[in-house]
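Engineer: Residue numbers (my numbering): 1144 to 1368.
Every residue gets a Cβ at the ideal spot worked out from N, C-alpha and C, and that includes glycine.
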DNA sequence: TGCCAGGCCGGGT
DNA sequence: ACCCGGCATGGC
């Protein structure tokens, strides 16, 4: 067997190695229980994690950091508890949609959901109003341990920057397929990789001056992205 | 001060 | 099949 040299390694693997070497393990998803993962996944939609942390704290303080409790309290009370996460009335409705659906369809049993075949479980999650592709995959991966690659805005931006997808590309499934085609279906690997991409986006893509310090700067890229 | 954050929905072309 | 406004708080 001819050993594979560095330059012929898939770009997606090179990127992972560079990010992990530079940033180390990210310990995602930051939560104590899988229910907390699910709640956080909805709260963090288009919202900085910092604001989500406060909302999680409020829920914990009110003993409402479980799906059962969220299912039983009033939506407007829930909205007040999660106010700091922004778009709080929308998110309160979405959380209620989720818990109502889990109760009626799976008798409130998360194990029943995650026991489903992966595509079936994903379809189920997507049927809930307020759960889109990224939220569904984050729940599957970080709460269920299902090896599904999570694609977010930073992921597409970084792939555009490195010519891996077209300059205007943002197709969720296409981006997801790039990772799932190249990497073994390992939930720990997927989880670490997505966390590294988000951390990279936060630290190196926000301000122009920071992007030259990106661990991926040695790879071919378009500086204007 | 304005702009954005670990999206998604619903209505309009 | 896209495109867009709305949702809303806290941080820089």
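How would you call residue 1287, buried or exposed, if buried means at least 16 neighbouring beta carbons within 10 angstroms?
Structural biologist: Flag for residue 1287 reads buried.
Engineer: Cβ atoms of residue 1289 and residue 1263: under 8 Å apart, would you say?
Structural biologist: No. Outside cutoff.
Engineer: Would you call the segment 1251-1260 and the segment 1224-1241 in contact, with 3 or more CB pairs under 8 Å?
Structural biologist: Touching, no, given that fewer than three Cβ pairs across the two stretches are closer than 8 Å.
Engineer: Please report how far the alpha carbon of residue 1227 lies from the alpha carbon of residue 1240, in whole angstroms.
Structural biologist: About 20 Å.
Engineer: For the alpha helix (DSSP H) that contains residue 1295, what are its first and last residues?
Structural biologist: Per DSSP, residue 1295 belongs to no alpha helix (DSSP H) and is neither H nor E.
Engineer: Under 8 Å, do residue 1341 and residue 1297 count as touching if we go by C-beta distance?
Structural biologist: Contact flag set, yes.
Engineer: Is residue 1234 helix, strand or coil when you go by DSSP?
Structural biologist: Here residue 1234 sits in helix by DSSP.
Engineer: Return the CA-CA distance between residue 1339 and residue 1205, expressed in angstroms with no decimal places.
Structural biologist: Those two C-alpha atoms are separated by around 32 Å.
Engineer: Could you have a look at residue 1152 and say whether DSSP puts it in helix, strand or coil?
Structural biologist: Three-state result, residue 1152: coil.
Engineer: Hey, how far is the Cα of residue 1360 from the Cα of residue 1346?
Structural biologist: Spanning the two alpha carbons is a distance of roughly 13 Å.
Engineer: May I have the straight-line CA-CA distance separating residue 1320 from residue 1291, to the nearest angstrom?
Structural biologist: When rounded, the distance between both Cα atoms is 10 Å.
Engineer: Within this structure, are the beta carbons of residue 1277 and residue 1293 separated by less than 8 Å?
Structural biologist: Result yes, Cβ atoms of residue 1277 and residue 1293 sit closer than 8 Å.
Engineer: Classify residue 1280: buried if its beta carbon has 16 or more other beta carbons within 10 angstroms, exposed otherwise.
Structural biologist: Flag for residue 1280 reads buried.
Engineer: Give me the Cβ distance between residue 1184 and residue 1282, rounded to the nearest whole Å; I'm assuming they're in contact under 8 Å.
Structural biologist: Contact flag correct, Cβ pair sits at about 5 Å.
Engineer: Going by other Cβ atoms of all chains shown within 10 Å of its Cβ, with 16 needed for buried, is residue 1299 buried or exposed?
Structural biologist: Buried, by the Cβ-count rule.
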